[in-house]
Amino acid sequence: TSKVRSVMEKIMIKYNVQFEVLKGIPHQEVIERIKRADIALGQFYAGWYGNFDIECMIYGKPVFGYINPDLLEPGMDIPPLINIETHDFEEELYAKLEELIKDPELRKRIGIQSREYAVKIHDHIHVAERLKSLFGQIV
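The opening residue of the sequence shown carries number 35 in the numbering used here; numbering runs sequentially from there.
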């Protein structure tokens, strides 16, 4: 979080943007703030995305995060997260944030891809079908 804050301080000096950490507030307030956001910063150290990231994608927001390539399986749909590698974290986050801030069409395009991915992969019917398939393999 300190590295993210450092990057955001530099971005906020150069651009007219706001940054909020959505921690310790009721879930409904988180959703309201997601709806108003243009860009979301998700998980960077877990190697995959979490529930917050999914909620942001559902609302069509471009989401920054980190996808560990070792967790991708052949044929798997690749999440449309804006992937930030951890070795040059601050420089890469700054550059990719700056690119999205300057390019509203890119934000829109990634937001659409994010929503499509979240609906396809995390839709309750799709999840139920995957669980049924997994249970069938176990039994």
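Every residue, glycine too, gets a C-beta built ideally from N, C-alpha and C.
What first and last residue would you give for the alpha helix (DSSP H) that runs through residue i?
i, result
"V41", "36-48"
"E54", "Where E54 is concerned, there is no enclosing alpha helix (DSSP H), given that its DSSP letter is neither H nor E."
"V173", "Per DSSP, V173 belongs to no alpha helix (DSSP H) and is neither H nor E."
How close, in whole Å, do the beta carbons of residue i and residue j come, if the pair is a contact with beta carbons under 8 Å?
i, j, result
"N117", "Y128", "In fact, because the Cβ distance is near 15 Å, the residues do not count as touching under 8 Å."
"R149", "I92", "6 Å"
"A152", "I68", "With 8 Å as the limit, A152 and I68 do not qualify as a contact, their Cβ atoms being about 12 Å apart."
"I112", "L106", "7 Å"
"P114", "Q147", "4 Å"
"K154", "H160", "7 Å"
"L134", "I47", "That pair is no contact at about 17 Å."
For chain B, find out if any of its Cβ atoms is closer than 9 Å to the Cβ of residue i; answer yes or no.
i, result
"R164", "No chain B appears in this structure, which consists of one protein chain only."
(Q) Restricting to runs no shorter than 3 residues, where is the beta strand (DSSP E) found entirely within the segment 69-137? (A) Given a length threshold of 3 residues, each whole run of the beta strand (DSSP E) inside the segment 69-137 is given here in chain order: 97-99.
**Q.** the segment 120-127 contacting the segment 35-44, beta-carbon criterion three pairs below 8 Å
**A.** A contact is defined here as three or more CB-CB pairs under 8 Å, and the segment 120-127 meets this definition with respect to the segment 35-44.
Q.
Does the segment 94-111 come into contact with the segment 76-85, if we say contact requires no fewer than three beta-carbon pairs (one atom in each stretch) closer than 8 Å?
A. Note that the segment 94-111 touches the segment 76-85; at least 3 beta-carbon pairs, one per stretch, sit closer than 8 Å.
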